[in-house]
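Going down the list, the sequences are from chains A and B. Counting along the first sequence from 1, when you hit position 79 you're at 83 in my numbering, and nothing is skipped either side. Counting along the second sequence from 1, when you hit position 237 you're at 241 in my numbering, and nothing is skipped either side. Quick reminder that beta carbons are idealized off the backbone N, C-alpha and C, glycines included. Note that this is a predicted model, so its numbers are computed, not measured.
Number of protein chains: 2
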Amino acid sequence: MSESNWIAFDWGTSCLRAWLMSASNEVLKSAESDQGMSKLKRDEFESALQSLVQPWLSGGAQMTAVGCGMVGARQGWVEAPYVETPCAPLGTLTPAPVRGNVLKVLIAPGVMQRSPADVMRGEETQVAGLLAQRPDFEGVVCLPGTHSKWVRVSGGKILSFQTFLTGELFTLLAEQSVLRFSVSREGWDDGAFLEAVGVGYREPASIFSRVFSLRAETLLEGLDGSLARAKLSGYLLGVELAASEGYWQGNNVALLGSEKISVAYATGLGAQGCDVEVLDGEALTLAGLHAAGFQH
Amino acid sequence: MSESNWIAFDWGTSCLRAWLMSASNEVLKSAESDQGMSKLKRDEFESALQSLVQPWLSGGAQMTAVGCGMVGARQGWVEAPYVETPCAPLGTLTPAPVRGNVLKVLIAPGVMQRSPADVMRGEETQVAGLLAQRPDFEGVVCLPGTHSKWVRVSGGKILSFQTFLTGELFTLLAEQSVLRFSVSREGWDDGAFLEAVGVGYREPASIFSRVFSLRAETLLEGLDGSLARAKLSGYLLGVELAASEGYWQGNNVALLGSEKISVAYATGLGAQGCDVEVLDGEALTLAGLHAAGFQH
């Protein structure tokens, strides 16, 4: 693997992303598919990956593909058993069974915590990428997303972490609950968002009532759908920040994610007096997969 | 209406219930349909009600039907404008437009509150039923459900109220989120429920993390689906009890609802030291509709 191109992939529940990487770890090509782990049976993973990366396969030479995410869950391609905290974020890769001889596929293990019970698959690879670039990093890593993670990192290890269902709850409330008549699909308002973050942070217990209030404000005051969207997001993030305060208060915090969600988290945290460093989550996934593939 | 049978109905978002009532307010018959308000266009309400109560219509004599609930919303049969707090729970009934001459239909208005913005449709009729039976009731009324309500009642009026999205959130999380793989559709455990109520009540901010933990406990410890169901319900109720403490702490609390959900709320409140009186929500809906129909 050390002298040739290789393939990196991040295979989540709803989406597969792949990159053609050079030996010196530059991105040569990238591709994405909606063939998420939840849509595939065990024997369909190989062809789903192969068809996405087909244009990158030259001649008959075997290429190595290194990936992470829910693809390594029990219901995925092959179970890549969890590593248990405290631990280095990079565990031993698990080879995935393949019928063809075009791809050699290796999958990174997730990380588990016994008490409180918690799991991650994919985020550990981003933490590994951060540590590959900055081996001395000490502090807290926040990885916003459907299930956001707060991770304590010290001495090159993940010490402990905590997952919040915030992102999934936002989607469910905005699209499936009675709030779907109040919250627009697009649109935003920074001021309303930040005010709502503060409310959620100071009064987390009131969250179920606050979110219903958005519906009432629509009915009684004609609340704009973009404002409702920003306020819903803000209330939920505020509650997460109240509960994760032990992580971010007075600590060195690195925020890893896509641009849009990272900006929301960074401004929300900034308004509570926590300045964070925002890093490119995708770049760190690739750095982590490179480190995983070249660790031996 | 005073000397003949009449029809009571409670028409919510997802369900229509109707009762044939005697002049002396006994239930003679009852019927239920899944033709909820959300499934009907404005001109379909009359036939939906008429087909449900058809067996009760004798000869050609017109019968009066008095109802409450989302049927009086802007998207319902006819808008029955809100009454604003502080107010008596019984406002003026709004006649619904009918093409036939078999039914005369009257719909009770909902109640609104300006600040914080809040609305109810249907629950006000149950409060009216309680006050019809006990005009001197002073205290707090809790109406658990999809959107649970806490209502301050004094001097025969609704002073203020607060709505919590707790029930809808339970359904969304149990059936649509990643927890659907952890939470069984049926099953219960009183001990796990009560412990979780306490956790949610004492640490409401941690709710988004607690609920994700149920998924992790399933993966790592094989958490039983019935236990997960009881714990999810308990965590959510605990958060509602933390936020509604100003209502129930040290107050006279009447709990109005169906048997199952009322028991859950009563035991959860009891464990926090609040003894409540549990009343039959359906009986109070009928008492409220009777009072509304006979108020003039």
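Give me the residue from the options with the minimum Cα distance to residue i.
i: residue 211(B); options: 182(B), 189(B) and 244(B); result: 244(B)
i: residue 199(B); options: 134(B), 69(B) and 241(B); result: 241(B)
i: residue 271(A); options: 112(A), 110(A), 24(A) and 197(A); result: 197(A)
i: residue 219(B); options: 209(B), 182(B), 189(B) and 284(B); result: 182(B)
i: residue 173(A); options: 190(A), 239(A), 79(A) and 7(A); result: 239(A)
i: residue 192(B); options: 294(B), 234(B), 32(B) and 250(B); result: 234(B)
i: residue 164(B); options: 265(B), 90(B), 170(B) and 203(B); result: 90(B)
i: residue 286(B); options: 14(B), 10(B) and 9(B); result: 14(B)
i: residue 69(A); options: 166(A), 248(A), 108(A) and 264(A); result: 108(A)
i: residue 2(A); options: 229(A), 146(A) and 47(A); result: Because chain A is modelled from 5 through 300, residue 2(A) falls outside the range shown and cannot be assessed.
i: residue 264(A); options: 162(A), 284(A), 106(A) and 73(A); result: 284(A)
i: residue 256(B); options: 267(B), 7(B) and 282(B); result: 282(B)
i: residue 54(B); options: 206(B), 291(B), 80(B) and 22(B); result: 22(B)
i: residue 246(B); options: 213(B), 237(B), 203(B) and 215(B); result: 203(B)
i: residue 72(A); options: 135(A), 216(A), 12(A) and 51(A); result: 12(A)
i: residue 229(A); options: 236(A), 213(A) and 186(A); result: 186(A)
i: residue 42(B); options: 74(B), 67(B) and 184(B); result: 74(B)
i: residue 38(A); options: 29(A), 45(A) and 52(A); result: 52(A)
i: residue 290(B); options: 137(B), 221(B), 142(B) and 85(B); result: 137(B)
i: residue 120(A); options: 206(B), 221(B) and 76(B); result: 221(B)
i: residue 127(A); options: 231(A), 205(A), 267(A) and 262(A); result: 262(A)
i: residue 16(A); options: 76(A), 179(A) and 268(A); result: 76(A)
i: residue 161(B); options: 64(B), 88(B) and 231(B); result: 88(B)
i: residue 205(A); options: 269(A), 40(A), 180(A) and 86(A); result: 269(A)
i: residue 232(B); options: 44(B), 85(B), 83(B) and 179(B); result: 179(B)
Within 10 angstroms of the Cβ of residue i, are there 16 or more other Cβ atoms? Answer buried if so, exposed if not.
i: residue 144(B); result: buried
i: residue 59(A); result: exposed
i: residue 117(B); result: buried
i: residue 208(B); result: buried
i: residue 62(A); result: exposed
i: residue 78(A); result: exposed
i: residue 248(B); result: buried
i: residue 49(B); result: buried
i: residue 217(B); result: buried
i: residue 213(A); result: buried
i: residue 299(B); result: exposed
i: residue 258(B); result: buried
i: residue 125(A); result: buried
i: residue 149(A); result: buried
i: residue 195(B); result: exposed
i: residue 31(B); result: exposed
i: residue 18(B); result: exposed
i: residue 113(A); result: buried
i: residue 8(B); result: exposed
Assuming residue i and residue j are in contact, meaning their beta carbons sit under 8 Å apart, how far apart are those beta carbons, in whole angstroms?
i: residue 57(B); j: residue 35(B); result: 7 Å
i: residue 33(B); j: residue 20(B); result: The pair is not a contact, with the Cβ atoms about 15 Å apart (cut-off 8 Å).
i: residue 152(B); j: residue 170(B); result: 5 Å
i: residue 115(B); j: residue 139(B); result: 18 Å between Cβ atoms; not a contact.
i: residue 260(B); j: residue 288(B); result: 6 Å
i: residue 167(B); j: residue 122(B); result: 5 Å
i: residue 297(A); j: residue 10(A); result: 6 Å
i: residue 236(A); j: residue 177(A); result: 6 Å
i: residue 105(A); j: residue 66(A); result: 6 Å
i: residue 141(B); j: residue 135(B); result: 6 Å
Only counting runs of 3 or more residues, tell me where the beta strand (DSSP E) segments fall wholly within the stretch 235 to 277 of chain A, in order along the chain. For the stretch 235 to 277 of chain A, whole beta strand (DSSP E) runs of length 3 or above, ordered along the chain, are 257 to 261.
Quiz prompt | Inter-stretch contact (C-beta, 8 Å, three-pair minimum) for the stretch 94 to 101 of chain A and the stretch 217 to 229 of chain A | solution = Output reads no: the stretch 217 to 229 of chain A does not touch the stretch 94 to 101 of chain A.
Unbroken stretches of the beta strand (DSSP E), 3 residues or longer, contained in the stretch 159 to 213 of chain B = Entirely contained in the stretch 159 to 213 of chain B, the beta strand (DSSP E) runs reaching 3 residues are, in chain order, 161 to 168.
* **Uninterrupted beta strand (DSSP E) stretches inside the stretch 40 to 105 of chain A (no shorter than 3 residues)** => The qualifying runs are 67 to 72.
Any 3 or more C-beta pairs closer than 8 Å across the stretch 153 to 165 of chain A and the stretch 126 to 133 of chain A = Taking one beta carbon from each stretch, the stretch 153 to 165 of chain A and the stretch 126 to 133 of chain A have 3 or more pairs nearer than 8 Å; the two touch.
Validate contact between the stretch 276 to 285 of chain A and the stretch 246 to 259 of chain A using beta carbons, cut 8 Å, 3 pairs: Yes, since at least three Cβ pairs between the stretch 276 to 285 of chain A and the stretch 246 to 259 of chain A fall closer than 8 Å, the two stretches touch.
Along the chain, which unbroken stretches of the beta strand (DSSP E) at least 3 residues long are found entirely within the stretch 110 to 167 of chain A?
Within the stretch 110 to 167 of chain A, the complete beta strand (DSSP E) runs of at least 3 residues are 115 to 117, 122 to 124, 143 to 147 and 152 to 158.
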